[in-house]
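Undergrad:
Protein chains in written order, with this note's numbering: chain R, 1 to 296; chain V, 1 to 450.
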């Protein structure tokens, strides 16, 4: 048995196993363990105060958490769909360009180059009710009331969605453009010879070819958007009155400001269900799309 | 862009105004000197940063390094809310071996026993110079864990010219039945704010609208209305009638559009800049903005008045107060202890406090209150003289700290979203306060208060 462990194939993969163990597995086990304790950052001795399922039981009764959970799902659904639509549109337009495509591709990636914190500040001041660009622009056209973009029940979440979409639509555009560039020309030309119009070509040839790329982009972005924190934290901090509270702004406040890390970790593990669900759904769709294309 | 420019202006004004105040390197008015030969010692420190704080470090730390031979290594410098998070993470990671850290009387109780007792490290003669009540607020479980640099309490700033305008006086008297003068009660404040408002161009007043800032504002209004946050057994009582009156005051101003629509996203910079932009009539704020408000760089420079925090129906004024402080960590090596004490001495001594007070910050040393008033009188600076006499009265008669318990910040995180919910109309005042009281009850039970 011991000899088996020290066989060269095992020894060769051992560095990877150790690295994954230290970087991923041990922190996961540790944080999972703390979710069963009353661990507070400011009281390290509370790490050993085992409270069983108490944190999870409290979570089930915590309406604010479930509202944040629901709000995060809504945020994910709207942001992902709009990013997909805009990204697809941009990719299709850029794919048509024969001159300056590289320059446009680079320009298109600019929003991705900004840190989310900077994006948050930028949009916070665009949407500022008093000195913001948007309200002052509206005043030019005779609008006489300050619109509370970051306060109103619906506009606040909408404003954050705009910032998130502005910053990340180009991820969709880049991935879908890569997909468009890889589509074989033969079926498209054959369809045109057979009299298909542009919409029919797009619907029956381009889109099926793009579906694997779309689902890969959706999977990546669903994991990103599910963890949205920086932009929300800067623009509204989850407020006012928790109107824009998402899972991770809530978890960060409970974990770091209240120092209640045990409870925050319990929230995190329940929140992961959301990411797993979205990832599973998109992967299922990805496999189906590949199967439709005759790929494995 | 306008705000960006304003922020840059404020930063430059703060920096310029403070650097313009000369420091006498011989420290002639300091009765206690804590110099020493600290050659070869490097002190690791974490400090609160930002425009109001950096100028003192820029002046004092080079002097300390020059005179003692020691070095200061600033490991981190950030806002107090960010520093608070960092310290909590440091405690969890066991990374608390640096020496000096910025602290605050409202925050210090959260961090357990990571700080050294400064009694015995800092000479008694030096401690005797501080206002006794401020030192009492700096004490946790009988241990003096921090040395106060400056205190904060708020009073009401107003634009003078609008109160002196005869037409305004006539219109106000006709509408409200009493003479127009800066408000003396919370009701007058509300009425006048509504009277002045002409949104979106001009607002009657404003308030900081989120996090601990609005919790503190609510807290002082509860006291002014004759209520309390907790009873003697630490059970929440802020949802009683006094608490409801306090919260209703915020709600009424918001509903009347007497405050900017985005006020629930405002913190101190937004309110300070808003008042200096000349678009707000009445602004509750600390003294640290005073020199800037009245400067040529502010749109209301030379037109700024100041009155004490108006009284509530309980016959008391608001006076939520605290002090910015410095602490020495237990993890600071013994051989660096004397140098660490020397560093916090130079950041809190008479010369440092005079330097800060010239910009409007409130001293924590008894003698500095008199000396700064004398200096301003001698210069014929009536505005600053009035600032210090007003704030001195507040510190002596009105100031009170938040409950000095570790649960203050978690409590604040429970109550502030509920206050906001009532203000924006998602809940009634009673519903919001009852919900916050219920959750606070759990918090206090879990913490073992009852």
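By construction, the Cβ of each residue, glycine as well, lies at the ideal position given by its N, Cα and C atoms.
Predicted, not measured: the structure shown is a model, and the values here were computed from it.
(1) Just the C-alpha distance for residue 164 of chain V and residue 424 of chain V, rounded to the nearest angstrom, thanks.
(2) Pick out whichever of R:221, R:223, R:216, R:181 has its Cα sitting closest to the Cα of residue 206 of chain R.
(3) Taking Cβ-Cβ distances shorter than 7 Å, what residues in chain R pair up with residue 424 of chain V?
(4) Tell me the rounded alpha-carbon separation between residue 270 of chain R and residue 62 of chain R.
(5) Indicate whether at least one CB of chain V lies closer than 8 Å to the CB of residue 258 of chain R.
(6) Chain V partners of residue 145 of chain R, CB-CB under 7 Å?
(7) Helix, strand or coil, according to DSSP, for residue 308 of chain V in the structure here?
(8) For the segment 23-57 of chain R, list every residue whose C-beta sits within 7 Å of some C-beta in chain V, in sequence order.
(9) Which partner residues of residue 325 of chain V appear in the DSSP bridge assignment?
(10) Determine the extent of the alpha helix (DSSP H) in which residue 409 of chain V is found, giving its start and end residues.
(11) For a contact meaning CB atoms closer than 8 Å, what does residue 89 of chain V contact in chain R?
(12) Excluding sequence positions up to five away, which residues of its chain have a Cβ less than 7 Å from the Cβ of residue 279 of chain R?
(13) Using 10 angstroms around the beta-carbon of residue 119 of chain R, count the other beta-carbons present and answer buried if the total reaches 16, otherwise exposed.
(14) Please report whether the beta-carbon of residue 224 of chain R lies at a distance below 8 Å from any beta-carbon of chain V.
(15) How about residue 78 of chain R and residue 160 of chain R: do their beta carbons lie closer than 8 Å?
(16) Does the contact criterion of 3 or more C-beta pairs under 8 Å hold for the segment 232-245 of chain V versus the segment 289-301 of chain V?
(17) In angstroms, rounded to a whole number, what distance separates the CA positions of residue 80 of chain V and residue 118 of chain V?
(18) Along the segment 58-88 of chain V, what residues have a CB closer than 7 Å to any CB found in chain R?
(19) Any idea what DSSP makes of residue 219 of chain V, helix, strand or coil?
(20) If you measure from the beta carbon of residue 359 of chain V to each beta carbon in chain R, is any gap under 8 Å?
(21) Quick check: the Cα distance between residue 435 of chain V and residue 252 of chain V, rounded to an integer number of angstroms?
(22) Where are the alpha helix (DSSP H) runs, 4 residues long or more, that stay fully inside the segment 102-184 of chain R, in chain order?
(23) If you compare alpha carbons, which of V:255, V:267, V:230 is closest to residue 235 of chain R?
(24) Chain R beta carbons: is any one of them nearer than 8 Å to that of residue 413 of chain V?
(25) By alpha-carbon positions, which one of V:153, V:152, V:195 ends up nearest to residue 169 of chain V?
(26) At what residues does the alpha helix (DSSP H) containing residue 60 of chain R begin and finish?
(27) Label residue 225 of chain R either buried or exposed according to how many other C-beta atoms from any shown protein chain fall within 10 Å of its C-beta, with 16 as the threshold for buried.
(28) Closer than 8 Å by beta-carbon distance: list the chain V residues that pair up with residue 236 of chain R, in chain order.
(29) First and last residue of the alpha helix (DSSP H) that includes residue 254 of chain V?
(30) Rounded to whole angstroms, what's the CA-CA distance from residue 38 of chain V to residue 341 of chain V? Just pull it up for me.
(31) Between residue 186 of chain R and residue 194 of chain R, what straight-line distance do the alpha-carbon atoms span, to the nearest angstrom?
(32) Taking C-beta pairs closer than 9 Å, name the residues in chain R that residue 48 of chain V reaches, listed in chain order.
(33) Please confirm if the segment 129-145 of chain V is in contact with the segment 312-330 of chain V, defined as three or more CB-CB distances below 8 Å between the two stretches.
(34) Can you list, in chain order, the residues of the segment 391-411 of chain V whose Cβ is nearer than 7 Å to any Cβ on chain R?
(35) Restricting to Cα atoms, I'd like to know which of V:66, V:91, V:89, V:53 is closest to residue 40 of chain V.
(36) Taking a cut of 7 Å between CB atoms, which residues from the segment 107-131 of chain R lie near chain V?
TA: Let me lay it out:
(1) 34 Å
(2) R:181
(3) 151, 240, 241
(4) 12 Å
(5) yes
(6) 200
(7) coil
(8) 41, 42, 43, 44
(9) V:103, V:148
(10) 408-423
(11) 41, 256
(12) Leaving aside the five residues that flank residue 279 of chain R on each side, the residues in its chain whose CB is nearer than 7 Å to its CB run, in chain order, 219, 222, 223.
(13) buried
(14) no
(15) no
(16) no
(17) 22 Å
(18) 85, 88
(19) helix
(20) no
(21) 20 Å
(22) 110-113, 116-126, 133-140, 155-181
(23) V:267
(24) Closer than 8 Å to the CB of residue 413 of chain V there is at least one CB belonging to chain R.
(25) V:195
(26) 54-61
(27) Using a 10 angstroms sphere on the CB of residue 225 of chain R, the tally of other CB atoms reaches 16 or more, which defines it as buried.
(28) 265
(29) Residue 254 of chain V: member of the alpha helix (DSSP H) spanning 241-255, first to last residue.
(30) The alpha-carbon separation between residue 38 of chain V and residue 341 of chain V amounts to approximately 12 Å.
(31) Straight-line Cα distance between these residues: approximately 12 Å.
(32) Under the 9 Å cutoff, chain R gives no residues; its nearest Cβ is about 16 Å from residue 48 of chain V.
(33) yes
(34) 409, 410
(35) Among V:66, V:91, V:89, V:53, the Cα nearest to that of residue 40 of chain V belongs to V:66.
(36) 125, 128, 129, 130, 131
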